[in-house]
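**Q** Residue numbers for the sequence shown follow the numbering used here, beginning at 4 and rising by one. Where is the CB? At the ideal position from N, CA and C, for every residue including glycine.
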Amino acid sequence: MDLDLGAVRAFVAITEDRYFSEAAGRLAISQQAISKRIAKLESDLGVRLFFRTRAGAELTEDGRAFLHHARSLVGLADQAVGLLRSRRRALRVDVLDTRLRTVDLLQAFHHTVEDVDIEILTSNGLRSAHGGLTHGSVDAFFCRVRGTLDEELRHIPAYLEPVHLLVSRDHPLAGRQHVEMERLSGSTVWMPGNVPGSEWADFYGFLGSAFDIRIDTSGPDFGWEHFVERIASGEHIGFGGEGLRLPWHPRTVQIPLVDPAPVYPCSLLYHRQNHHPVLTLLTRFVESGFRPFDPARQWLPAPDRAAFAVDLDGTSG
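1. Use the C-beta contact count for Gly317: other C-beta atoms within 10 angstroms, 16 or more gives buried, fewer gives exposed.
2. What are the boundary residues of the alpha helix (DSSP H) that Glu290 is part of?
3. Identify, in the order they occur along the chain, each residue of the same chain with its Cβ nearer than 7 Å to the Cβ of Arg254, setting aside the five sequence neighbours on each side.
4. Under 6 Å Cβ to Cβ from Val281, same chain only, skipping five residues before and after it: list those, please.
5. Candidates Phe242, Pro223 and Leu62: which alpha carbon is nearest Val182's?
6. Quick check on Thr115: does DSSP put it in helix, strand or coil?
7. Can you say whether Glu164 is buried or exposed, counting buried as having 16 or more other CB atoms within 10 angstroms of its CB?
8. Let me check one thing: in DSSP terms, what residues is Tyr207 bridge-paired to?
9. By the DSSP assignment, the beta strand (DSSP E) with Ala264 in it spans what residues?
10. Buried or exposed for Ser319, going by 16 or more other Cβ atoms inside 10 Å?
11. Look at the Cβ atom of Thr125, then the Cβ atom of Asp100, and state whether they are nearer than 8 Å.
12. Pull up the DSSP beta-bridge partners for Tyr162, would you.
13. Which runs of the alpha helix (DSSP H), 4 residues or longer, sit entirely within the stretch 181-251?
14. Let me confirm a value: Leu315 is counted as buried when at least 16 other C-beta atoms fall within 10 Å, else exposed. Which label applies?
15. Going by DSSP, which residues form a beta bridge with Gly59?
16. Relative to the C-alpha of Asp65, which candidate in Ser190, Arg51 and Gly78 has its C-alpha closest?
17. Identify the continuous alpha helix (DSSP H) that holds Pro259 and give its terminal residues.
18. Between the Cα of Ala2 and the Cα atoms of Ser24, Val106, Ala312 and Leu44, which residue gives the shortest distance?
19. Report yes or no: do the stretch 134-141 and the stretch 292-309 share at least 3 C-beta pairs separated by less than 8 Å?
20. Here's a check: name, in chain order, each residue in its chain whose Cβ is nearer than 8 Å to the Cβ of Val261, leaving out the five neighbours to either side.
21. Give the range of the beta strand (DSSP E) segment to which Phe296 is assigned.
22. When the Cα of Ala213 is compared with those of Arg55, Phe293, Pro265 and Ile37, which residue comes out closest?
23. Considering only the alpha carbon of each residue, which of Arg217, Glu245, Val116 and Pro259 lies closest to His239?
24. Would you list the residues sitting across from Gln301 in a DSSP beta bridge?
25. Drop a sphere of 10 angstroms on the beta-carbon of His71, count the other beta-carbons inside from all chains shown, and report buried for 16 or more, exposed for fewer.
26. Does the distance from the CB of Asp215 to the CB of Met194 come in under 8 Å?
27. Gly128: buried (16+ other C-beta within 10 angstroms of its C-beta) or exposed?
28. Which two residues bound the contiguous alpha helix (DSSP H) that contains Ala36?
29. If you run the structure through DSSP and keep just helix, strand and coil, what is Ser126?
30. For Val289 versus Leu272, is the C-beta spacing smaller than 8 Å?
31. Buried or exposed: Arg21, going by 16 or more other Cβ atoms within 10 Å of its Cβ?
32. Give me the Cβ distance between Ile123 and Val148, rounded to the nearest whole Å; I'm assuming they're in contact under 8 Å.
33. Which stretch, first to last residue, makes up the alpha helix (DSSP H) that contains Arg29?
34. State yes or no: is the beta carbon of Phe225 nearer than 8 Å to at least one beta carbon in chain D?
This is the structure in C-alpha cells:
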C-alpha cells in the first residue's frame with residue numbers, strides 16, 4: 004500500500020491545529036478537501052484516526068500510534084525537497100571584503116569541485132552573521148569569531164593570516180626583509196577602517212596593547228586607494244594582511260612582521276541546520292587546509308588561541 008503524502012501532511016496539520024478548518028487554511032486547501040484526504044487515509048490504513056469534540060479533533064489510540072511515523076514521513080519529504088532546491092541554488096558566502104585572502108580560498112575551493120555556483124556577498128562581519136545565517140540569507144561567513152555564539156551557530160578555524168607592515172619607500176624600515184615587533188614599540192599605526200565594535204578593531208586593540216603600539220582609527224575612511232596614497236606619502240604607516248590585495252602604488256612597501264609574527268584568525272561560521280550540499284564540501288576543504296597556531300613563532304590574542312592552536316583531530320598543534 005502506498006500512502007498519500009498529502010493526506011499524511013493533512014493528518015499532521017490537524018493534530019497541530021486541532022480543527023479541520025484551521026489546518027485546511029494553513030495548507031491552502033478547502034475544508035472539504037482536507038476531510039476527503041483524511042477519509043482516504045483512514046480507508047487506506049483501515050483505522051479511524053480522529054474523533055470530533057467541541058474542543059476540536061482528538062486522536063484515537065490508532066491515531067496516536069501513527070502520529071510519530073507521520074511526522075517522520077513529512078519531515079523526511081521536506082528535507083529531500085530542501086536538499087534538491089539547495090543543490091540548484093548558489094552557495095552564498097559572506098567575505099567581509101572582496102580584497103581579502105578569503106576570496107583566494109574560495110577560488111581554490113571552486114577549482115576543486117564541478118558544477119558548483121558560489122555567490123559572494125559582503126557585510127560588516129560578525130555583527131551581521133547571526134541574522135544572516137538564522138534567516139538563511141547567507142550560508143556561511145568568513146570572519147573572526149569572538150565571544151559566545153548562539154547554540155545554533157557552528158564555526159571551524161579557516162586560516163591564520165600573517166600581518167604585514169605598510170610603509171612608504173622613504174621610511175627607515177622600508178629596506179628591511181622583515182621587521183621585528185619590538186621595533187614598532189611606541190609607534191602609531193593608522194587604520195581608519197577599524198570600526199568600533201568590529202571583530203577586527205578588537206584584534207588590533209589586543210595587538211596594540213601587547214606591543215605598545217597606538218592604533219589610530221581617525222578617518223574618514225575613503226577606501227583602499229586613499230589609504231594607500233596616504234601610506235605612500237609617508238604621512239602614516241599601516242597594517243594589512245599578507246593576502247590583502249591592495250591597489251598598487253610605486254611608493255608603498257609591504258614588509259612581514261616577525262618575532263613573533265602576528266596572525267589574524269579567520270573562521271568559517273555557519274548554521275547547524277543549513278543542509279546546503281556545497282556547504283559540506285566547503286567545510287571539508289577548509290578543514291583540510293587549516294594549519295594550527297604555532298606559539299613558538301606566531302602571536303594571537305589570548306581569546307583566539309584555544310580554537311586555533313589545536314588540530315581538527317583534537318591533538319595539540
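**A** Let's see:
1. Along the sequence shown, read from residue 1 onward, the residue named residue 317 stands at position 314. Low per-residue confidence applies at Gly317: pLDDT is 46, beneath 50, and the placement is therefore not dependable, though the value from the model is reported in the following sentence. Answer is exposed; the Cβ neighbour count stays below 16.
2. Here residue 290 corresponds to residue number 287 of the sequence shown, with the count starting at 1. Note, Glu290: alpha helix (DSSP H), Pro280 to Gly292.
3. Taking the first residue of the sequence shown as position 1, residue 254 is located at position 251. Exclusion of the five residues before and after Arg254 leaves Ser171, Arg172 and Ala235 as the residues of its chain whose Cβ lies within less than 7 Å of its Cβ.
4. The sequence position of residue 281 within the sequence shown is 278, counting from 1. Cβ neighbours of Val281 beyond the five flanking positions: Leu94 and Val119.
5. Counting from one through the sequence shown, the residue named residue 182 turns up at place 179. It is Phe242.
6. Position 112 of the sequence shown holds residue 115. Thr115 falls in the helix class under three-state DSSP.
7. Position 161 of the sequence shown holds residue 164. It is buried - the Cβ of Glu164 has at least 16 other Cβ atoms within 10 Å.
8. Looking up residue 207 in the sequence shown gives position 204. Note: Tyr207 sits in no beta bridge, so no partner.
9. Along the sequence shown, one-based indexing puts residue 264 at 261. Ala264 to His274 is the extent of the beta strand (DSSP E) around Ala264.
10. Taking the first residue of the sequence shown as 1, we reach residue 319 at position 316. With a pLDDT of only 41 at Ser319, under the threshold of 50, the placement of this residue in the model should not be trusted, and no figure is reported.
11. If you number the sequence shown from 1, residue 125 lands on position 122. If you number the sequence shown from 1, residue 100 lands on position 97. Yes, Cβ-Cβ distance for Thr125 and Asp100 is below 8 Å.
12. Numbered from 1 along the sequence shown, position 159 holds the residue referred to as residue 162. Answer is Cys269.
13. 202-214 and 227-235
14. Start at 1 with the first residue of the sequence shown, and residue 315 comes out as number 312. Here Leu315 scores only 46 on pLDDT, less than 50, and its place in the model should not be relied on; the value that follows carries that caveat. The residue in question, Leu315, is exposed, as its Cβ has fewer than 16 Cβ neighbours within 10 Å.
15. Counting from one through the sequence shown, the residue named residue 59 turns up at place 56. In DSSP, Gly59 forms a bridge with Thr56.
16. As a first step, residue 65 must be located in the sequence shown, where it is residue number 62. When each option's Cα is compared against that of Asp65, the closest is Arg51.
17. Here residue 259 refers to the residue found at position 256 of the sequence shown. Not the alpha helix (DSSP H): Pro259 falls in the beta strand (DSSP E), residues Thr255 to Val261.
18. Nothing about residue 2 can be reported from this structure: the residues present for the chain run from 4 to 320 only.
19. no
20. For the purposes of this step, residue 261 is taken as residue 258 along the sequence shown, with counting starting at 1. Answer for Val261: His181, Val182, Glu183, Met184 and Arg300, listed in chain order.
21. Within the sequence shown, the letter at position 293 stands for residue 296. No beta strand (DSSP E) contains Phe296, which DSSP labels as neither H nor E.
22. Here residue 213 corresponds to residue number 210 of the sequence shown, with the count starting at 1. Ranking Arg55, Phe293, Pro265 and Ile37 by Cα distance to Ala213 puts Pro265 first.
23. Within the sequence shown, numbered from 1, the residue matching residue 239 stands at position 236. His239 has its Cα closest to that of Arg217, out of Arg217, Glu245, Val116 and Pro259.
24. Residue 301 sits at position 298 when you count from the first residue of the sequence shown. Answer is Ala264.
25. By 1-based counting over the sequence shown, the position of residue 71 is 68. Result: exposed.
26. On the sequence shown, residue 215 is found 212 positions in, with the first residue counted as 1. On the sequence shown, residue 194 is found 191 positions in, with the first residue counted as 1. It is not a contact, given that the beta carbons lie outside the stated cut-off.
27. For this step, residue 128 is matched to residue 125 along the sequence shown. Around the Cβ of Gly128, a 10 Å sphere holds 16 or more other Cβ atoms; the residue is buried.
28. The count along the sequence shown starts at 1 and reaches residue 36 at position 33. Its alpha helix (DSSP H) spans residues Gln34 to Leu48.
29. Here residue 126 refers to the residue found at position 123 of the sequence shown. Note: Ser126 maps to coil in three-state DSSP.
30. The residue you call residue 289 lines up with position 286 of the sequence shown. The residue you call residue 272 lines up with position 269 of the sequence shown. Going by C-beta atoms, Val289 is not nearer than 8 Å to Leu272.
31. As a working mapping, residue 21 is identified with position 18 in the sequence shown. Arg21 should be labelled exposed.
32. Taking the first residue of the sequence shown as position 1, residue 123 is located at position 120. Taking the first residue of the sequence shown as position 1, residue 148 is located at position 145. For a cut-off of 8 Å, the C-beta gap from Ile123 to Val148 is around 20 Å, too long to register as a contact.
33. Within the sequence shown, numbered from 1, the residue matching residue 29 stands at position 26. Start and end: Phe23 to Leu30.
34. The structure shown contains no chain D, having only a single protein chain.
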